[in-house]
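Have a look at the structure below, then the notes.
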Amino acid sequence: MDRPVYMKRNAVMTLNNEGKEIIVTYGHYRTVMYARYISQVPPTPPRGSTLRFVADVRHEEEMILEFENHEEMLEAYSILKTKYLESTQFIQSSKLHSGRGLHTTTTENKSKSANVFFF
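So that you can map any letter, position 42 of the sequence shown is 42 in full-length UniProt numbering, and since no number is skipped, the others follow by simple counting.
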């Protein structure tokens with residue numbers, strides 16, 4: 001059984017509107033998630049400041065993003081839901097698989113081709 005890897009780090013999340021990529025940069029590392037491989041996103045915004053989903057259906061890798069506050073999480077969730085994801089990528093949160101996690105805090109910086117969140 002795989003155990004989750006928790007990386008409690010400050011990070012920057014960039015939502016690339018043109019390439020449908022979600023890029024999380026932390027230190028010298030970077031995780032690129034392609035919107036088409038994301039699944040098991042809650043159908044409605046979760047309570048609190050944590051957003052969980054499967055970041056890559058090919059490997060069932062779960063991503064847990066913990067934002068600085070609920071409002072920042074809501075903004076990121078709304079952008080993902082309206083610009084990046086299809087209705088088939090949403091399911092009930094009780095069916096999420098265990099996997100990888102990332103702790104984040106956030107503020108926002110708007111851009112024309114990308115939405116950037118600092119964690």
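Where is the CB? At the ideal position from N, CA and C, for every residue including glycine.
Please read all numbers here as calculations on a predicted model, not as lab measurements.
Checklist entry - Which residues mark the beginning and the end of the alpha helix (DSSP H) in which Leu80 is found? => result Along the sequence shown, read from residue 1 onward, the residue named residue 80 stands at position 80. Counting along the chain, Leu80 falls outside any alpha helix (DSSP H), and DSSP gives it neither H nor E.
Item to check | Residue environment, Ser78, which counts as buried when at least 16 other CB atoms sit within 10 Å | outcome: To locate residue 78, count along the sequence shown from 1; it is residue 78. With fewer than 16 other beta carbons inside 10 angstroms of its own, Ser78 counts as exposed.
Next on the checklist: For a test of the three-state rule: what should DSSP assign to Ser39, helix, strand or coil?
Outcome noted: To locate residue 39, count along the sequence shown from 1; it is residue 39. In this structure, Ser39 counts as strand in the three-state DSSP scheme.
Item to check | Span separating the alpha-carbon of Ala76 from that of His28 | outcome: Here residue 76 refers to the residue found at position 76 of the sequence shown. Here residue 28 refers to the residue found at position 28 of the sequence shown. Going from the Cα of Ala76 to the Cα of His28 covers about 23 Å.
Checklist entry - Can you tell me the Cα-Cα spacing of Pro46 and Met73, whole angstroms? => result For the purposes of this step, residue 46 is taken as the residue at position 46 of the sequence shown. For the purposes of this step, residue 73 is taken as the residue at position 73 of the sequence shown. If you take the alpha carbons of Pro46 and Met73, they lie about 9 Å apart.
Checklist entry - Would you call His97 buried or exposed, if buried means 16 or more other Cβ atoms sit within 10 Å of its Cβ? => result Along the sequence shown, read from residue 1 onward, the residue named residue 97 stands at position 97. Here His97 scores only 46 on pLDDT, less than 50, and its place in the model should not be relied on; the value that follows carries that caveat. Classification of His97: exposed, given that the 10 Å Cβ count is below 16.
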